[in-house]
Amino acid sequence: EAQVTQNPRYLITVTGKKLTVTCSQNMNHEYMSWYRQDPGLGLRQIYYSMNVEVTDKGDVPEGYKVSRKEKRNFPLILESPSPNQTSLYFCASSPLGERTQYFGPGTRLTVL
Amino acid sequence: QQQVKQSPQSLIVQKGGISIINCAYENTAFDYFPWYQQFPGKGPALLIAIRPDVSEKKEGRFTISFNKSAKQFSLHIMDSQPGDSATYFCAASETGANNLFFGTGTRLTVIP
């Protein structure tokens with residue numbers, strides 16, 4: 001089944017404890033992106049990648065890192081999480097040149 | 001700054017009624033306008049999309065109306081059903097780009 005998977009789905013952590021949220025797609029898509037969803041703010045892009053080893057900042061990159069060493073994986077790294085990073089995170093992918101983005105199921109992160 | 005402005009934030013409609021959600025933009029480089037539907041606990045999924053060379057696109061009970069001169073577009077859901085209860089996001093992207101700019105979302109509730 002063609003899909004975008006994220007792990008973990010739920011995570012509660014404490015301020016300053018490094019964490020990684022994984023994202024993997026099995027559709028051979030070049031483009032991948034991370035968003036955070038907050039009430040009243042909609043979906044805001046954190047980072048995106050046009051292909052392996054090519055990443056760029058979105059609208060809200062502060063406090064986040066990403067890497068794209070393989071085409072299928074695009075992990076989101078929070079080196080020192082803070083409470084204002086408590087949010088619902090989505091990974092998405094699409095083929096280059098095609099506008100439809102395919103979203104993962106989301107990761108709900110709580111930073112205490 | 002929100003590149004796509006969406007209203008209303010929430011909407012309650014009786015079963016069988018018409019649901020209307022509006023979006024507006026300023027960036028004239030936008031040439032693709034999708035609507036995404038998100039059910040609780042799920043990631044957003046493409047519902048319907050339009051390009052500015054047409055003023056309307058219809059798929060079943062869902063219609064996008066597009067006004068290029070006013071830089072506005074809207075989603076109409078005819079004969080709204082309880083199963084349509086979800087959060088709806090409008091979005092836009094620039095020519096040749098995969099990146100999407102999302103509105104803030106509308107939570108639709110259809111009352112039986």
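Listed in order, the protein sequences are those of chains F and Z. Residue numbers for the first sequence follow our numbering, beginning at 1 and rising by one. Residue numbers for the second sequence follow our numbering, beginning at 1 and rising by one. Built from N, CA and C at the ideal position, the CB exists for glycine as well. Nothing here was measured: the structure is a model prediction, and the numbers come from that model.
Handout entry: Nearest neighbour of Z/Met-78, chosen from Z/Pro-40, Z/Cys-90, Z/Glu-59, Z/Asn-67 [CA to CA]
Key = Per the Cα distances, Z/Glu-59.
Handout entry: Per-residue burial, Z/Phe-39 [other beta carbons within 10 Å of its own, 16 or more giving buried]
Key = Result: exposed.
Problem - Inter-residue Cα distance where the pair is Z/Ala-70 and Z/Ile-50 - result: C-alpha separation (whole angstroms): 16 Å.
Problem - Inter-stretch contact (C-beta, 8 Å, three-pair minimum) for the stretch 94–103 of chain F and the stretch 72–88 of chain Z - result: Touching, no, given that fewer than three Cβ pairs across the two stretches are closer than 8 Å.
Practice task
Would you kindly work out how many angstroms separate the C-alpha atoms of F/Arg-72 and F/Tyr-31, rounded to a whole number?
Solution key: Distance from the CA of F/Arg-72 to the CA of F/Tyr-31, rounded to the nearest whole angstrom, comes to 10 Å.
Problem - CB contact flag (Z/Gln-72, Z/Asn-27, <8 Å) - result: Result no, Cβ atoms of Z/Gln-72 and Z/Asn-27 do not sit closer than 8 Å.
Problem - Close Cβ partners of F/Lys-57 (< 7 Å) along its chain, the five nearest in sequence each way excluded - result: Hits under 7 Å: Tyr-47.
Exercise for the section: List the residues of chain F that Z/Thr-104 touches, going by C-beta distances under 7 Å, in chain order. Expected result: Neighbours of Z/Thr-104 on chain F, chain order: Gly-40, Leu-41, Gly-42.
Exercise for the section: Answer with yes or no whether the minimum CB distance from F/Gln-3 to chain Z is below 8 Å. Expected result: Taking Cβ atoms only, chain Z never reaches closer than 8 Å to F/Gln-3, which makes this a no.
Handout entry: Local conformation of F/Asn-73 per DSSP, three classes
Key = In this structure, F/Asn-73 counts as strand in the three-state DSSP scheme.
Handout entry: Cβ neighbours of Z/Ala-91 in the same chain (closer than 8 Å, five flanking residues each side left out)
Key = Around Z/Ala-91: Val-4, Phe-33, Pro-34, Trp-35, Tyr-36, Leu-100, Phe-101, Phe-102, Gly-103.
Problem - F/Asn-26 (DSSP reduced to helix, strand or coil) - result: Residue state for F/Asn-26 is assigned as coil, using DSSP reduced to three classes.
Problem - Proximity to F/Asn-26 [Cα-Cα], best of F/Pro-81, F/Val-4, F/Thr-107 - result: For the options F/Pro-81, F/Val-4, F/Thr-107, the alpha carbon positioned closest to that of F/Asn-26 is the one of F/Val-4.
Practice task
Check whether the Cβ atoms of Z/Ile-18 and Z/His-76 lie closer than 8 Å to each other.
Solution key: For Z/Ile-18 and Z/His-76, yes; Cβs fall inside 8 Å.
Exercise for the section: Measuring alpha carbon to alpha carbon, tell me which of F/Cys-91, F/Phe-74, F/Leu-41, F/Arg-9 ends up nearest F/Glu-53. Expected result: Closest option to F/Glu-53, Cα to Cα, is F/Phe-74.
Practice task
For Z/Ser-55, count neighbouring C-beta atoms within 10 Å of its own C-beta (all shown protein chains included) and say buried if the count is 16 or more, exposed if not.
Solution key: Result: exposed.
Exercise for the section: Take the Cβ of F/Ser-87 as the centre, count every other Cβ of all protein chains shown within 10 Å, and call the residue buried at 16 or more, exposed below. Expected result: When all chains shown are included, F/Ser-87 counts as buried.
Handout entry: Below-8 Å beta-carbon distance, Z/Gly-43 vs any chain F residue
Key = It does: the Cβ of Z/Gly-43 has a partner Cβ on chain F nearer than 8 Å.
Problem - Check whether Z/Gly-43 and F/Gly-40 have beta carbons under 8 Å apart - result: No, the Cβ-Cβ distance between Z/Gly-43 and F/Gly-40 is not below 8 Å.
Exercise for the section: Could you work out which residue in F/Tyr-102, F/Ser-33, F/Tyr-89 is closest to F/Gly-10 when comparing CA atoms only? Expected result: Looking at the sequence provided, one finds Tyr at residue 10 of chain F rather than Gly. Cα-wise, what sits closest to F/Tyr-10 is F/Tyr-89.
Problem - As assigned by DSSP and simplified to three states, the class of Z/Asp-84 - result: Helix at Z/Asp-84.
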